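Colleague:
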Amino acid sequence: MLTPQEVSSHAFTKGFMGGYNMTMVDEFLDELTDDYTALYKENAALKAKMKVLVEKVEDYRATEDSMRATLLTAQKMADSIVREAEARRDNLLAQAEADARERIAQIQREVEAAEERLRQGQRELAQFISAVQKVCNQELKFLEELPQLPISAPAAPVQEIREPAAAASFQETPAPEPAEAEDTAPPVSAPGAVEIPPAAAPVPEEDPYPEGDPFAKEPAEPLEATRRIKFDKLDDLKFGPNYTSGT
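Here you go:
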């Protein structure tokens, strides 16, 4: 591309005949030089601007590459964080579900054990009630049969009863005995004292609690070998010193 200086310094060869008008050529060259000079300067300015823009574009491209790498790294990091969070969430959910299942199973086992203890307690209570009912029935039967039991004179003197009222009655009304019949007469029991023969021993039953009664708080006291009746309210009996025939 010609520079404005080259255009202005360019010289034309003059011919002998039919040559160009020098004035017109010079005017044209001056005008062309001015226009070309303006275009050349404008082109130079545009090139300088373009160079600056190219440099900026390069900077932008470098920045873009850096930002793209940063974004890519951030995206990878975000994906990794999301994967780790999802894995941790899955692990926590699985652990929570396992703990919940284990807790539910444990509670079910405890409930079953409690129900079994309840059933065992109910069975033992039923056995205890049955045993108590049997004992009560035996005692009631004995009490019902008590008035029908025969009264027999004891072979040996009746053991002195430690009841104040019976002892006073015995001292107030002693039974006289003849001296000559002392050896042959059978022994006479004290007035007002009646000995009840011991009840027949009940048939031993199978112990419903071989390991001990779970409802017993204290050991029961042993029963007496014989049953004794209090004599402080026997004034209305139809025998003895208080009985008068025909009344």
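Note that my numbering gives residue 1045 to position 127 of the sequence shown, counting from 1, and the numbers run on in steps of one.
For every residue, glycine included, the Cβ atom is placed at its ideal position computed from N, Cα and C.
This one's a predicted model, so the numbers in the text were calculated from it and none came from an experiment.
1. So the alpha helix (DSSP H) L971 belongs to, where does it begin and stop?
2. Using the C-alpha atoms, what's the distance from G937 back to S927?
3. From the DSSP output, in three-state form, read off S927 for me.
4. How would you label Y978, buried or exposed, when you count the other beta carbons within 10 angstroms and need 16 or more for buried?
5. At the level of alpha carbons, what is the spacing between S1048 and Q1013?
6. Indicate whether L947 and V925 have their beta-carbon atoms separated by less than 9 Å.
7. Helix or strand or just coil, what does DSSP make of P922?
8. If you draw a straight line from the C-alpha of D953 to the C-alpha of M985, how long is it?
9. With 16 as the cutoff for other CB atoms within 10 Å, does T951 come out buried or exposed?
10. Suppose you measure from the CA of A962 to the CA of T921; what does that come to, to the nearest Å?
11. When you compare only the Cα positions, how much space is there between K1059 and V1053?
12. Mapping DSSP to helix, strand and coil, what is A1084?
Modeller: Quick answer:
1. Here residue 971 refers to the residue found at position 53 when the sequence shown is read from its first residue. Segment 940-1063, the alpha helix (DSSP H) holding L971.
2. Locating residue 927 in the sequence shown gives position 9, where the first residue counts as 1. Locating residue 937 in the sequence shown gives position 19, where the first residue counts as 1. Distance between the alpha carbons of S927 and G937: 19 Å.
3. Within the sequence shown, residue 927 is the residue found at index 9, counting from 1. Here S927 sits in coil by DSSP.
4. Counting from one through the sequence shown, the residue named residue 978 turns up at place 60. Counting Cβ neighbours within 10 Å, Y978 comes out exposed, since fewer than 16 surround it.
5. In the sequence shown, counting from the first residue as 1, residue 1048 sits at position 130. In the sequence shown, counting from the first residue as 1, residue 1013 sits at position 95. Looking at the two C-alpha atoms, the distance is approximately 51 Å.
6. What you label residue 947 is simply residue 29 of the sequence shown in a count that begins at 1. What you label residue 925 is simply residue 7 of the sequence shown in a count that begins at 1. Yes, these two residues count as a Cβ contact at 9 Å.
7. Along the sequence shown, one-based indexing puts residue 922 at 4. Of the three classes helix, strand and coil, the one that applies to P922 here is helix, per DSSP.
8. In the sequence shown, the residue the question calls residue 953 occupies position 35. In the sequence shown, the residue the question calls residue 985 occupies position 67. In a straight line, the C-alpha of D953 is about 46 Å away from that of M985.
9. In the sequence shown, the residue the question calls residue 951 occupies position 33. Buried: at least 16 other Cβ atoms inside 10 Å.
10. In the sequence shown, counting from the first residue as 1, residue 962 sits at position 44. In the sequence shown, counting from the first residue as 1, residue 921 sits at position 3. Using only the alpha carbons, I get a separation of about 12 Å.
11. Working through the sequence shown from its first residue, we reach residue 1059 at position 141. Working through the sequence shown from its first residue, we reach residue 1053 at position 135. Approximately 10 Å between the Cα atoms of the pair.
12. Taking the first residue of the sequence shown as position 1, residue 1084 is located at position 166. Note on A1084: pLDDT 46, under 50, position unreliable in the model; the coordinate value appears next. Correct three-state label for A1084: helix.
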